[in-house]
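> In terms of UniProt numbering, the sequence shown opens at residue 1 and continues consecutively.
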Amino acid sequence: MMDWTDRHCRYFHRLITRHALLYTEMVTTGALIHGDQPRHLDFNSEEHPVALQLGGSEPEDLATCARLAERWGYDEVNLNCGCPSERVQRGAFGACLMAEPQLVADCVKAMRDATRLPVTVKHRIGIDKIERYEFVRDFVGTVAAAGCEVFIVHARNAWLQGLSPKENREIPPLRYELVAQLKRDFPQLTIALNGGIKTPDQIAEQLALVDGVMVGREAYHEPWSMAQWDSRFFGAPDPATSREQVEDAWLAYLDRLHAAGTPWSHAMRHALGLWNGTPGSRRWRQIWSDHRLKTLAPREVARQATEARLGAVVRQAA
Ligand SMILES: Cc1cc2nc3c(=O)[nH]c(=O)nc-3n(C[C@H](O)[C@H](O)[C@H](O)COP(=O)(O)O)c2cc1C
């Protein structure tokens, strides 16, 4: 997710789930080919498994970027066919690519020819007022014929005119049944559902119908909601049994940034939801967001934040 799932955010999420596949922000082919590649592509080895999401519609450029993804050590390369923003439409990629399934197929083929990494596609169930199931079915069929085996389906339309990207994540109705239908029609493909999923029980309910679930906003805003994913969905131990454990490991990471002269607040903004839903979480968040404290060492801010959080707990109990 743009501005959200940068390498710091992904490192933080890895302290809570080792096994969920993490995705980068979308990076455009232009930014990668002409821009600062290490800035866009570097990541910590702890983040595996991690997928690079690309935005673009030129098969050759996408092939070049897929090669870069492999060289940098990513585990998957994903093509964005779901973003509705106008800036993206001007570049003729994102959700408007759903109107050109053959072009997407050409892109996928070029990427597959360029890398051994899995090439996957994230898309919507339709664009604008096209609500027929056949539209998304034919899109998936055409792209699958080019060798794509994994589709992540945001289960709502993208309305390309008149809605902001934020509204496009809220207003077009969710239609999970279309994603389940895709799985029935393409049993050999891996179909993952995305959109509006919040709880582990909702994930489990969808996993009875499809192969995977992608969680965006809830994972970001309520990171502790991922705490039992590994044990429940991957049959593996959960990496942390308490928020304190996560905070401790995260502080070690912030310390390393601070020692290297990188402002830790860039990373910390992604972790502000850690204590959400517990007494004192608001005070904890306020301390960590206080601009006046941003030059202090993270441990010092943590001390103040924890004191404020526990102070609030004591006051509540009194
Ligand atoms: C701030 C923000 C940035 C996003 N950036 C991307 C992106 O770069 N690529 C993408 O495929 N989807 C992006 N999305 C959409 C999410 O991946 C997801 O499809 C959408 O939020 C619905 O899932 P959710 O209800 O679990 O959040 C973004 C969403 C948000 C809130």
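Glycine residues also receive a C-beta, built at the ideal position from the N, C-alpha and C atoms.
Computed from a predicted model, the values in this text were never measured in an experiment.
Which same chain residues end up closer than 7 angstroms to L32 when comparing Cβ atoms and leaving out the 5 residues on each side of it in sequence?
The residues are H40, C65, L68.
> Would you report the Cα separation of D211 and F186, rounded to the nearest angstrom?
Computed Cα separation, rounded: 11 angstroms.
> Bridge partners of M1, per DSSP?
Answer is none; M1 lacks a bridge partner.
> With burial defined as no fewer than 16 other Cβ atoms inside 10 Å of the residue's Cβ, what is the status of H270: buried or exposed?
Buried: at least 16 other Cβ atoms inside 10 Å.
> May I ask whether a heavy atom of ligand 3 can be found less than 7 angstroms away from the beta carbon of C83?
With respect to small molecules bound, the structure shown includes ligand 1 and not ligand 3.
> From H123 to A95, what does the alpha carbon distance come to, in whole angstroms?
Distance between the alpha carbons of H123 and A95 is about 7 angstroms.
> Cβ of Q53 versus every heavy atom of ligand 1: is any distance shorter than 7 angstroms?
Flag set: Cβ of Q53 near ligand 1.
> Assign E58 to one of three DSSP states: helix, strand, or coil.
Correct three-state label for E58: coil.
> Determine the extent of the alpha helix (DSSP H) in which E177 is found, giving its start and end residues.
Residues 176-185.
> Taking the C-alpha atoms as reference points, what is the distance between F12 and A302?
When rounded, the distance between both Cα atoms is 16 angstroms.
> Identify the continuous beta strand (DSSP E) that holds Y23 and give its terminal residues.
22-28 is the extent of the beta strand (DSSP E) around Y23.
> What's the call for V77, buried or exposed, on a 16-neighbour Cβ count within 10 Å?
Buried, since its Cβ has 16 or more Cβ neighbours within 10 Å.
> Under 8 angstroms by Cβ, that's how I've got L62 and M111 pegged, so tell me the actual separation to the nearest angstrom.
Yes, they are in contact, since the Cβ atoms of L62 and M111 sit about 5 angstroms apart, within 8 angstroms.
> Look at residue 335 and L174 and say whether their C-beta atoms are less than 8 angstroms apart.
Beyond the ends of the chain as shown, which are 1 and 318, falls residue 335; an answer cannot be given.
> Just verifying my parser: in three-state terms, what is the DSSP assignment at V215?
Three-state result, V215: coil.
> By the three-class DSSP mapping on this structure, what secondary structure does L193 have?
DSSP places L193 in strand when its eight states are reduced to three.
> Give the C-beta separation of V153 and I191 to the nearest angstrom, bearing in mind that I take them to be a contact with Cβ-Cβ under 8 angstroms.
7 angstroms between Cβ atoms; contact.
> Three-state secondary structure (DSSP) at Q206?
Helix, per DSSP.
> Among P279, H258, I287, which one has its Cα closest to the Cα of L272?
Ranking P279, H258, I287 by Cα distance to L272 puts I287 first.
> Might you give, ordered along the chain, the residues of its own chain that have their beta carbon closer than 7 angstroms to the beta carbon of W275, omitting 5 neighbours on each side?
Around W275: R243, S281, W284, R309.
> On a CA-only basis, which of S164, F135, L97, L52 is nearest T115? Give me that one, please.
Ranking S164, F135, L97, L52 by Cα distance to T115 puts L52 first.
> Unbroken alpha helix (DSSP H) runs of length 4 or more, entirely within the region 244-302: which are they?
Here the runs fully enclosed are 265-268, 281-289.
> How big is the Cα-Cα spacing for F93 and T29?
Near 11 angstroms, if we compare the C-alpha coordinates of T29 and F93.
> Check the Cβ-Cβ distances between S281 and every residue of chain B, and say whether any is below 8 angstroms.
This model lacks chain B altogether; it includes just one protein chain.
> I need the DSSP call for T142, collapsed to helix, strand or coil.
If DSSP states are grouped into helix, strand and coil, T142 belongs with the helices.
> Inspect the CB distances between the region 4-18 and the region 232-248 and report whether three or more fall short of 8 angstroms.
The region 4-18 vs the region 232-248: in contact.
> Check H154 in the structure and name its three-state DSSP category.
In the structure shown, H154 sits in a strand (DSSP, three-state: E or B).
> Quick check on DSSP: helix, strand or coil for R18?
Here R18 sits in coil by DSSP.
> Report the rounded CA-to-CA distance for T295 versus E170, giving the unit in angstroms.
The alpha-carbon atoms of T295 and E170 are separated by roughly 37 angstroms.
> Spatial neighbours of S231 within its chain, please: C-beta separation below 6 angstroms, excluding the five flanking residues on both sides.
D238.
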